[in-house]
Every structure is written in C-alpha cells, then in structure tokens.
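Single-structure report; data block below.
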Amino acid sequence: MLRSMTTTDPAALFRTMLGEWEKMTNSVGGDMLKSEEWARTMHGASAATTNAQAAMKTFMERSLAAANMPSRTEFENLSARIGGIEDSLARIEALLGAGKTRPPGSSKPTRKRTPPEGKA
Amino acid sequence: MASVPDIFAVAQTEFDRAMRRNLKGLDYFATSGPKLGASPKDVLIDRGTMRLYHYRARVDDVYRVPVLLVMATTNRGYIFDMIPGQSMVEYLLLAGFDVFMLDWEAPRADEKRLTIDSYVLDFLPQAVARVAAETGEPDVSIVGYCFGGVLSLLWAALHPTPLANLATFTTPVDFSAMDMFQSWADRRFFDVDKLVDTFGNCPGDYLYTAFDMLRPGARVAGNVRLIDNLHDDEFVKSFRMFDRWSTDILPLAGEYFRETVKQLMWDNRLLDGSMTIGDRVIDLKHITAPFLHVAAEHDHIVPTAASAPLLSMVGSDDKEEVVLKGGHVSLVAGANAVRRMWPKLAQWLSVRST
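Chains A and B, in that order, are what the protein sequence lines are.
Going left to right, the first sequence walks through residues 1 to 120 as this note's numbering numbers them.
Going left to right, the second sequence walks through residues 121 to 474 as this note's numbering numbers them.
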C-alpha cells in the first residue's frame with residue numbers, strides 16, 4: 001500500500017485500493033455473515049420463501065387432481081421408473097460392451113510403464 | 121516521485137489500454153469463451169446424475185494402475201480439464217496414466233431420494249467395476265476433490281481391496297471447522313427438512329449463494345478487475361473459465377443433502393467415528409493403501425483446519441499431507457496447480473502405479 005501511495009500512477013493506486021477494499025469487505029462482511037443475527041434473518045427469509053413454495057405446491061396438486069391431471073409427484077414416480085429401466089439397460093450394456101468403447105482404428109495402450117529414473 | 125516523462129508514459133499506457141479495453145469489450149460480449157472439458161473421452165456410464173468418462177490415452181504405454189478422478193457433487197468435473205495446457209487430465213495423460221472421471225449432472229427430480237449410501241455403495245462401486253472391466257486391472261487409484269474426496273474416503277473405508285492408492289484434495293473431515301457453513305447451517309434456524317420436503321432437490325441457486333457469500337467482496341472486485349484487464353486476452357480467458365465453472369453449481373439430491381447437513385454439518389459424525397453407511401460404521405483406519413492429501417493454504421471453502429485431522433485418521437502406513445499455496449480452486453486448476461500440484465500428484469502416483 002505504502003509503495004503504491006508514493007507512485008504517480010493513478011491506475012496502480014486504484015488497483016491497490018480495489019485489493020484493499022476486497023480484503024476489507026471479505027473480512028467485515030464475512031464476520032457479519034457469520035453472526036447469529038444474520039443466520040436468523042437469512043433463514044427467516046428462506047423459510048418465508050419455502051412456505052410460499054409449499055403452499056403453491058399444495059394448491060397446484062389440488063388443482064391438478066380436480067382437473068384429473070397427473071401431479072408433479074406422479075411424474076417424478078414415473079421418471080423414477082424410467083430411471084430404473086435405464087439402469088437395467090446400462091447394466092446390460094456394460095456387460096455387453098465393456099472394453100468395446102474404443103473408437104475404430106485406435107489400439108489399447110500397453111500397461112507396462114515404469115516411473116522415470118530417479119523418481120522412486 | 122515520478123518525473124514528468126514518467127507521467128506521460130503512464131498516461132500513454134493507460135490510454136492504450138483504454139482503447140484496447142473498448143475494442144475487446146465488444147468481443148467479450150460477442151463471444152462465448154473457450155470450450156472447456158474438451159479432452160477426447162468416451163462416456164462409459166450415463167445413468168441419471170452419474171457420468172463415468174474414460175479419457176483417450178496420449179501415450180502408447182501407460183502405468184498399470186488406472187486413475188479414477190471423483191468430482192465433488194456440487195460442481196462440474198471440467199475443473200480438471202479446463203483447456204489444453206491448463207488441464208490436469210491432459211497432464212496425467214501425457215505423464216502416462218490411464219484416466220477416468222466420475223462426474224455428475226444435475227440430479228433429476230425423482231433422484232431426490234438418493235442418499236449418501238447411493239453414492240458410496242452404488243455409484244462409486246459401479247464406476248470402479250467398470251474401470252476394472254475396461255482396463256482388465258483389479259485395482260485402481262482414486263483421486264477425490266472436495267466432497268468427492270469425502271465420498272472416496274467413505275468408499276475406501278468399506279472397500280479396501282481394489283484400492284491401490286488414494287489421493288484427496290481439500291477434503292474436509294472436521295466439519296465444525298468450516299465456520300461460515302456452520303453458521304449458515306445452524307440447526308436453530310436452518311430447517312433442512314422443510315427445504316428438502318418442499319423443493320425435493322436442494323436448488324443449485326441456494327448453493328451458489330452460499331459459496332458466493334463466503335467472500336462477499338470477491339464478485340464485485342472480480343468484475344472490476346475484468347473491466348480493468350479487458351485489454352489482456354490471457355486474463356480474460358482465465359477469468360471466463362473460472363467464472364463459468366464457479367457459477368455452474370449443481371443442485372444436490374434432496375435426501376443426500378439432508379443427510380450431509382445432519383450427519384456431517386450438525387453432528388460431525390465422520391470425525392467422531394459414528395458415521396454409518398449401509399449400517400456399517402465408517403472407520404478411516406480401514407484405509408491402508410498409500411494415501412496423499414493435498415490442502416490449500418488459503419482455502420476459503422474447506423479451511424486447512426477442516427482437513428487437518430484427516431492424515432491421522434487414515435490407517436495407511438504410507439501417507440503424506442502437502443499444503444500448497446493457493447485457494448480451493450487454484451489448487452487444482454490455477455498456475456500453482458500446473459507448477460506444483462500436478463507434478464507432485466503425478467510423481468506420487470507414478471511410483472505406486474506399476
């Protein structure tokens with residue numbers, strides 16, 4: 001800081017000041033964000049958002065049920081079942097295709113490499 | 121005090137920079153930045169949130185033991201493979217390793233049911249089995265980053281046999297030492313059950329905000345520095361790479377997030393030895409393979425205190441911890457990584473991979 005203050009280069013001074021500002025903000029802001037008051041306020045705000053989301057979810061589920069439409073949960077269950085089928089396919093594919101992913105024309109490297117001298 | 125000609129020279133330099141800044145500033149908004157994670161690879165497993173990649177070898181003769189990189193579940197694995205010349209994957213390939221990566225996509229809505237057990241007893245064993253099938257080798261070296269390191273430790277404690285070597289980077293075991301996260305996860309105020317029950321998966325935006333607030337001044341200062349350095353192509357390229365990665369945060373599977381908060385953030389069960397996976401108690405003393413832990417001196421996400429007990433908890437006789445200069449991300453992908461960490465890792469693995 002002191003060295004920069006003796007320079008006539010305003011750009012260098014600005015860069016130094018930016019670095020100092022960042023350090024100070026990280027330090028002071030970090031202490032504030034670690035405080036109990038901040039945690040309480042932040043989670044209070046988050047809880048309000050989450051509650052609103054939960055209320056919306058319930059409302060949508062009821063609306064969809066009334067319209068005889070599948071809910072998000074039902075779609076998720078369906079997706080989970082498709083995921084199960086994908087997993088089964090992946091297992092079959094692995095059994096059939098293990099070691100066959102190499103592009104045509106390329107050969108497997110040998111596996112006999114030893115460390116360079118003096119590294120052991 | 122600078123002389124008058126010095127002042128003119130400084131003014132000239134700043135004027136030139138300002139001109140280039142304006143020209144390149146247009147370029148910045150008109151282009152999308154370098155392509156990341158582009159090393160040639162084959163996708164071996166594409167299953168829900170799980171991806172297993174096999175990078176194509178760059179040499180004709182590789183070390184016998186393959187290397188499996190395990191990425192943290194909150195972030196994308198291309199931090200290991202940014203661009204040619206700044207890629208740990210490329211470095212390991214050129215050093216003669218056969219490299220695989222266990223990476224993650226955003227969990228689907230129905231994957232909210234995934235638990236820590238799913239990762240440790242299903243995804244990791246499946247990846248290791250596939251690596252064995254692909255290479256024909258019975259053992260594997262695992263390299264885990266951040267929470268990928270935690271998953272690797274949990275897996276290794278339960279599956280000591282196929283493990284040839286284990287290396288972890290910035291891997292926390294004492295979660296009480298993660299001050300900021302502890303404060304935010306304070307059980308008196310943080311209702312994790314309500315969050316998970318409402319959203320299903322923990323939203324990526326929520327995690328992004330948590331990471332971003334660890335250094336409240338960093339984003340503003342970073343953007344000011346970007347404007348200041350728009351004339352410098354290398355600076356802009358580097359900024360874009362790291363900015364894209366750090367904002368590319370993945371959501372977490374709901375149950376997995378709930379368990380992580382309760383078992384690790386609240387009860388610190390890995391440290392006190394009461395953590396269970398599939399009804400089996402995790403004891404890191406069961407890990408006996410050679411072990412390397414690399415910590416970052418200025419890590420703001422996983423402070424060195426959070427990983428400090430790790431070395432003594434692991435049962436290996438051949439174990440080492442290295443604390444390198446740098447932060448959580450620059451440790452694995454910054455200039456220091458290129459100069460220090462990658463050579464250290466390659467050297468450590470090479471003598472244990474024949």
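Just so you know, even glycine gets a beta-carbon here, dropped at the ideal spot from N, CA and C.
Assignment of leucine 164 of chain B by DSSP, reduced to helix, strand and coil, places it in the strand class. Counting along the chain, no beta strand (DSSP E) covers aspartate 363 of chain B; the unbroken alpha helix (DSSP H) around it starts and ends at 353-367. With respect to aspartate 237 of chain B, isoleucine 397 of chain B sits close: the two C-beta atoms are nearer than 9 Å.
For the C-beta of leucine 33 of chain A, the chain B residues within less than 9 Å are, from N- to C-terminus, Met300, Ser303, Trp304, Met333, Leu334 and Pro336.
Under the 9 Å criterion on CB atoms, alanine 65 of chain A is classed as non-interfacial with respect to chain B. The bridge partners DSSP lists for threonine 110 of chain A are B/Asp181. When CB distances to chain B are screened at a threshold of 8 Å, the residues of the stretch 39-50 of chain A falling below it are Ala39, Arg40, Met42, His43, Gly44, Ser46, Ala47 and Thr50, in chain order.
Put simply, the backbone Cα of aspartate 218 of chain B is about 8 Å away from that of valine 185 of chain B. Glutamate 37 of chain A does not reach chain B, its nearest Cβ partner there being about 10 Å away, counting only Cβ pairs nearer than 8 Å. For the pair of segments examined, the stretch 195-208 of chain B was found not to touch the stretch 249-258 of chain B: the number of CB pairs separated by less than 8 Å stays below three.
The beta-carbon distance between glycine 447 of chain B and histidine 420 of chain B, rounded to whole angstroms, is 6 Å. This is short enough to meet the 8 Å contact definition. For chain A, the residues of the stretch 148-174 of chain B that bring a beta carbon within less than 7 Å of one of its beta carbons are Asp162, Leu164, Ile165, Arg167, Gly168 and His174, in chain order. Here alanine 54 of chain A is near lysine 314 of chain B, since their CB atoms are less than 9 Å apart. Per DSSP, reduced to three states, the secondary structure at leucine 370 of chain B is coil, with no helix or strand assignment. Along the stretch 193-220 of chain B, the alpha helix (DSSP H) occurs as fully enclosed runs of 4 or more residues at 208-214, listed in sequence order. Burial state of isoleucine 369 of chain B is buried, judged by a 10 Å Cβ sphere holding 16 or more other Cβ atoms. Assignment of beta-bridge partners to serine 159 of chain B by DSSP yields no partner. With a beta-carbon spacing of about 5 Å, methionine 202 of chain B and methionine 361 of chain B fall inside the 8 Å limit used to define contacts.
For threonine 114 of chain A, the nearest beta carbon of chain B is closer than 9 Å to its own beta carbon.
Taking CB atoms only, arginine 460 of chain B has no neighbour in chain A less than 9 Å away.
Rounded to the nearest angstrom, the gap between the Cα atoms of methionine 300 of chain B and asparagine 26 of chain A is 12 Å. Per the DSSP secondary-structure output, isoleucine 262 of chain B pairs in a beta bridge with B/Leu188 and B/Leu286. DSSP places leucine 33 of chain A in the uninterrupted alpha helix (DSSP H) bounded by 10-33. In the three-state reduction of the DSSP assignment, phenylalanine 267 of chain B falls in the helix class, which pools H, G and I.
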